[in-house]
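Here's the structure, in structure tokens; my notes come after.
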Amino acid sequence: MKLNPWKDSPRASRTFLLLASVLFLTETARSAFLLSFLPAYAEAFDISVATVGAAVSVHYAADTLVKVAAGYVLDRFPARLVLRGFLLAGTLGLCLAYFGKEPWLFIVGAALLGIGASPVWLLVLSRVKETSRAAQMGSIYTIWLAALGIGPVAVNFVIDRGLPLSFGLIAGFWLAGSLVAAGTGIEYKPGGHGLLLPPNEQLRRMRKQLAGMKPLMPGMVLQTAAAGLLIPVLPTFASNYLNLSYSEYSIVLVAGGLFTALLLVPMGKWSDKWGYRRFLIAGFVFLSLALYALPYARDMYTALPLGALLGAAYSAVLPAWNALMSHFVQSGQKATDWGVLSGVEGLGVMIGPIAGGWLASRFSEPAAIAASATLLLAIAVFYAFNPVHTRASRVTNKSRERQ
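Residue numbering for the sequence shown follows the working numbering, starting at 31 and increasing by one per position.
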């Protein structure tokens with residue numbers, strides 16, 4: 031087993047490190063902006079909570095919808111130019127959201143930031159090799175989780191000293207990522223016959239690809255919808271049902287994130303060795319059980335082990351799931367294929383928060399959590415009786431034969 035799953039060649043390792051740096055810096059800026067800065071900024075300038083919610087929804091919708099187009103463009107034009115153009119759009123979005131002072135500019139800025147971030151993920155995912163798929167996915171998501179945690183914490187540290195300083199910190203992270211992308215020779219070679227496909231043929235190919243992904247569709251949409259169900263309800267659930275203070279709730283979240291980050295790479299290596307399917311089923315089952323048990327927790331000490339279990343289970347699912355999806359990515363048009371896959375997954379992200387908010391207001395927060403747990407359990411049952419790994423391998427073999 032390789033200790034370093036990316037150590038295929040010096041050039042491959044260098045390219046991955048450059049892309050990983052861009053991913054870390056831009057995701058740090060994005061998480062800080064969305065999770066910490068926007069609510070404080072809206073309160074300071076009397077922008078409604080509804081506008082903040084709309085900005086966040088539009089941000090993720092733009093990111094999801096543009097990924098397909100971004101992948102198509104990356105397969106046809108130099109990656110450095112594409113990446114610089116999109117990151118410039120993200121810079122413009124940050125400036126509009128901060129300096130615009132108008133609700134509609136606030137929303138447009140958030141959308142541009144989502145658009146700016148979309149090709150970074152695709153370029154990183156396009157570096158995944160057929161060997162050590164899950165281990166490589168574990169490395170990528172460890173970087174993402176680190177950025178997701180560092181961004182909001184860094185802004186929370188300085189936000190009491192004023193919004194300009196907080197915005198300067200966020201802009202600094204984003205611009206640093208843009209400078210790494212602009213000042214280095216990031217390469218992406220789609221290869222194959224993808225560059226010769228006209229748009230009509232590309233659409234037919236995408237329809238065929240979606241038809242071949244039918245075994246993945248339930249998991250792609252339902253797992254992101256299950257996560258989205260929790261976004262609007264967890265803070266109030268922690269306060270009203272678990273009696274947790276903000277700091278205690280943060281400790282539970284940190285425990286879950288820490289277990290995920292620590293176990294992602296080992297879980298990825300083990301699933302490469304022993305098979306993705308069993309890790310997917312076990313991960314979804316334990317995610318479901320932890321969520322079903324969550325309403326019965328009564329304080330931080332009973333919630334903490336459940337948070338850790340959620341993190342550990344998520345670390346089993348994440349690299350195995352994305353490694354499984356990578357079987358449906360053809361070497362000729364990796365960015366386009368990852369864009370299609372990410373776009374389908376994004377449907378759940380857009381649906382989940384709306385459904386979670388409705389369930390919480392119509393019934394209760396525990397009802398939304400139970401719905402999320404039920405979706406995850408349904409995915410586990412589906413894949414327990416569906417040989418999705420075998421089908422994915424068949425897709426990979428056919429792709430190789432065509433090349």
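The C-beta atom is built at its ideal place from N, Cα and C for all residues, glycine as well.
> Rounded C-beta distance between Ala343 and Ala327? I'm assuming under 8 Å.
Replying inline: That pair is no contact at about 16 Å.
>> Once the 5 residues before and after Ser148 are set aside, which same chain residues still bring their CB inside 6 Å of it?
In response: Asp93, Val96, Lys97 and Ala100
> With contact counted as at least three CB pairs below 8 Å, one residue from each stretch, are the region 394-410 and the region 265-274 in contact?
Replying inline: yes
>> Taking 8 Å as the threshold (beta carbon to beta carbon), is Ala400 in contact with chain C?
In response: Looking for chain C here will not work: only one protein chain is present.
> Does DSSP put Pro108 in a helix, in a strand, or in coil?
Replying inline: coil
> How is Phe197 classed by DSSP in three states: helix, strand or coil?
Replying inline: helix
>> Using 8 Å as the threshold, is the C-beta distance between Ala84 and Ile137 below it?
In response: yes
>> Taking the straight line between their C-alpha atoms, what separation do you get for Pro133 and Ser78?
In response: Those two C-alpha atoms are separated by around 9 Å.
> What span of residues does the alpha helix (DSSP H) with Ala255 cover, start to end?
Replying inline: Met247 to Leu260
>> Just to confirm before moving on: does the CB-CB distance between Ala62 and Gly192 stay below 8 Å?
In response: no
> Helix, strand or coil: how does DSSP classify Ala327 here?
Replying inline: Three-state DSSP puts Ala327 in coil, outside helix and strand.
>> Check for me: the alpha helix (DSSP H) holding Phe393 runs from which residue to which?
In response: Annotation: Phe393 is outside any alpha helix (DSSP H) and is labelled neither H nor E by DSSP.
> Straight-line CA distance for Leu260 to Asp329?
Replying inline: 19 Å
> Between which two residues does the alpha helix (DSSP H) carrying Val263 extend?
Replying inline: Element bounds for Val263: n/a, residue is neither H nor E.
>> I'd like to know whether the C-beta atoms of Ala255 and Ile381 end up nearer to each other than 8 Å.
In response: yes
> What first and last residue would you give for the alpha helix (DSSP H) that runs through Gly139?
Replying inline: Taken as a continuous stretch (DSSP letters only), the alpha helix (DSSP H) holding Gly139 covers Pro133 to Leu155.
>> Using a 10 Å radius around the Cβ and a threshold of 16 neighbouring Cβ atoms, would you call Leu209 buried or exposed?
In response: exposed
>> Does the structure place the region 121-131 close enough to the region 194-209 that three or more beta carbon pairs sit under 8 Å?
In response: yes
>> If contacts are defined as beta-carbon pairs under 8 Å, then Leu142 and Ala119 qualify, I think. What distance do you get, rounded to the angstrom?
In response: The beta carbons of Leu142 and Ala119 sit about 5 Å from each other, so the pair counts as a contact at 8 Å.
> In three-state terms, what does DSSP make of Asp76?
Replying inline: DSSP places Asp76 in the coil class of the three-state scheme, outside both helix and strand.
>> Suppose you measure from the CA of Gly130 to the CA of Val86; what does that come to, to the nearest Å?
In response: 17 Å
>> Mapping the DSSP letters down to three states, classify Ser275 as helix, strand or coil.
In response: coil
>> Give me the residue from Leu175, Phe412 and Ala333 with the minimum Cα distance to Met247.
In response: Nearest of Leu175, Phe412 and Ala333 to Met247, Cα basis: Phe412.
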